[in-house]
Every structure is written in structure tokens, then in C-alpha cells.
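Participant:
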Amino acid sequence: MDLCVDFLTSDEENVAPVNNDKDNLVSEVTQETAENKTENQDTSRNQIVEKMLEEVLEKQKDFETSLVDELRSVKSELQLIRDNLKPNTVTASVPVKRDIENTADSDSKNESATMTTTGKYFVLKHAFKNVSSLKENVDQWSEAEEHFGIEWY
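In terms of our numbering, the sequence shown is residues 13 to 165.
(1) Alpha carbon to alpha carbon, what distance is there between residue 90 and residue 153?
(2) How big is the Cα-Cα spacing for residue 180 and residue 42?
(3) Note down the Cα distance separating residue 57 from residue 71, rounded to an integer number of angstroms.
(4) Taking just the CA atoms, how far does residue 137 sit from residue 145?
(5) Mapping the DSSP letters down to three states, classify residue 120 as helix, strand or coil.
(6) Have a look at residue 96 and residue 79 and give me their C-alpha separation to the nearest angstrom.
(7) Taking the runs of the alpha helix (DSSP H) that are 4 residues or longer, which of them lie wholly in the stretch 48 to 73?
(8) Checking the sheet assignment: what are the DSSP bridge partners for residue 93?
(9) Given this structure, state the Cα-to-Cα distance separating residue 38 from residue 50, to the nearest angstrom.
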């Protein structure tokens, strides 16, 4: 019997390495399959992330385009408002009366003078005669006029 037992134990010794090799092969295949799955998952994740980034970039481009268009429209509206708020130029013409005595005077050659003003303006109602005969540093008084019961010069 001893011989039988020795025979069985030697067979078991021979069989065990084959099973270990099979187990090793199975574990390697399982490991490779798991690695392939993780690689596939990684590539699919990368593709999903790429698609998401492309969508975000597209949305950002659309947003920038709409923002630029809106800024242009606001700028044009602002320019229209500025143009409307600018005071209109008013041209007032003041007739210059000729002095009968000094018709050859250069000041009296112009029949009217044109002034351009912006905003509020007034027209001088009094005509000055003999302006060329006025002297500097000498007080000049006008004729007396009555306003609200008081004489003004």
C-alpha cells in the first residue's frame, strides 16, 4: 500500500502544476479583460468629455456673438440719443443800420452780420450809431428809458 500511496501522491504533484497554470491563465485573461474594459471606459469617458467641451465652446461662441450684436445695437442707440441731445445750431441775423453821414465807412458796408449760436440766444434791439467815433476809456451813456417806473440808461 505504501507503493500505492506514493503513486497517488506523485500524480497529485504532477496534476497540481497544471491546475496552477490554468488558474494563472484564467487570472491573466480576466485581468486583461478588466484592463480592456477600463481602457474602453476611459476612452468612452474621454469621448463624452470631448463632446461636452465642444458643446460648451459652441454655446460660448453663440453667447459671444449675441453679446457683440447687443453691444453694437446699444452703441448705435446711444449715438442716436447723443445726436438728439446735441443743441441745434441757431443762426440769427442782425441787421446793421447804416449811418447816413458815414456811408463810406468800412463798418457800414455790411448790411447784416450772421452769428451762429447754440442754445439760448438773444437779439440786440438797439443800434449803435457812429461807432467809429467812440473813444476808449470814455464813459458812454445811452438815452434814458423807463422800465417799471424807473429810468434806466
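Yeah, the Cβ is synthetic: ideal placement off N, Cα and C, and Gly gets one too.
Facilitator: Put simply:
(1) One C-alpha to the other measures close to 52 Å.
(2) There is no way to answer for residue 180, as the model of the chain reaches only from 13 to 165.
(3) Going by the C-alpha atoms only, they are around 21 Å apart.
(4) CA-to-CA, the gap between residue 145 and residue 137 works out to about 21 Å.
(5) Legend: pLDDT at residue 120 = 48, less than 50; position of this residue unreliable, no value from coordinates given.
(6) Using only the alpha carbons, I get a separation of about 26 Å.
(7) Qualifying alpha helix (DSSP H) stretches: none in this window.
(8) According to DSSP, which records beta bridges pairwise, residue 93 is partnered with nothing at all.
(9) Taking the straight line joining both Cα atoms gives about 18 Å.
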